[in-house]
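What follows is a single structure, written as structure tokens, with notes after it.
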Amino acid sequence: QASKLACKQLSAICQNSRFVLSFASFDSEINIWLFNEQLCTEERLVLPLLSKNKLELFLVSNLNQLIPHHWGMLEPNPLKCLRLNLSEIEYALIPGLGFDPTAHYRLGYGKGYYDRLLDSPSALTQTWGVGFLEQAMKGLPYSKEDIPMNHLLLT
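In the numbering used here, each residue's number is its place in the sequence shown (first place is 1) plus 859.
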């Protein structure tokens, strides 16, 4: 139910955007695949590809363009998808293990991929931490390398 509600709310939030950076959830992350399918049919779905020590962004126009990463999530096939720059994306939906509802920091898996992406000179207008309401935790630890989200959507 939480995933369906998140998809409905994200659809309303991102309705006027050209491209939306989303995620293919894995492990215990909230599942927003229905929203990703909608974005794909509208040719607005951007997904990250883990490349060495950073995330590269690709427009996914067909779900058959996705390949499994060895961690378990789906990623764009760079040979079949168009690469985009962060500056072309209006909304970035970011998963996490925990979210601080006061400071808007997120706790990820500790590798810093999203923080490095969001710390680039290309500024995003909207960053949304997306997760379950049960993942809200006040006082999460964070460092100077961590980038806070503009907004949180916890359902």
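Backbone N, C-alpha and C fix where the C-beta goes; we use that ideal spot for every residue, glycine too. Please read these numbers as outputs of a predicted model, since none were measured by experiment.
* To do: Answer yes or no: do Leu-916 and Arg-942 have a C-beta to C-beta separation smaller than 8 angstroms?
  => yes
* Asked: Can you tell me whether DSSP reads Ile-872 as helix, strand or coil?
  -> helix
* To do: Use the C-beta contact count for Gly-969: other C-beta atoms within 10 angstroms, 16 or more gives buried, fewer gives exposed.
  => exposed
* Would you kindly report the start and end of the unbroken beta strand (DSSP E) that includes Glu-915? => 913-918
* Counted within 10 angstroms of its Cβ, other Cβ atoms place Ala-951 as buried (16 or more) or exposed -> buried
* 7 angstroms CB neighbourhood of Ile-1006 in its chain, flanking five on each side removed -> Asp-974, Leu-977 and Asp-978
* Asked: Residues in its own chain within less than 8 angstroms of Ala-883 by CB, not counting five upstream and five downstream?
  -> Trp-892, Asn-895, Leu-906, Leu-925, Met-932, Leu-933 and Glu-934
* Whole-Å CB distance - Ile-948 paired with Leu-1012, under 8 angstroms assumed -> Not confirmed; about 17 angstroms, so no contact.
* Count the other CB atoms within 10 Å of the CB of Trp-930; is the residue buried (16 or more) or exposed (fewer)? -> exposed
* First and last residue of the alpha helix (DSSP H) that includes Gln-897? -> 892-900
* Out of curiosity, what's the CA-to-CA distance linking Ile-953 and Phe-885? -> 13 angstroms
* To do: Find the nearest neighbour of Met-1008 within the set Ser-1002, Met-996, Lys-997 and Phe-958, judged by alpha-carbon distance.
  => Phe-958
* Minimum C-alpha distance to Ser-1002 - residue among Gly-967, His-928, Gln-994 and Gly-990 -> Gly-967
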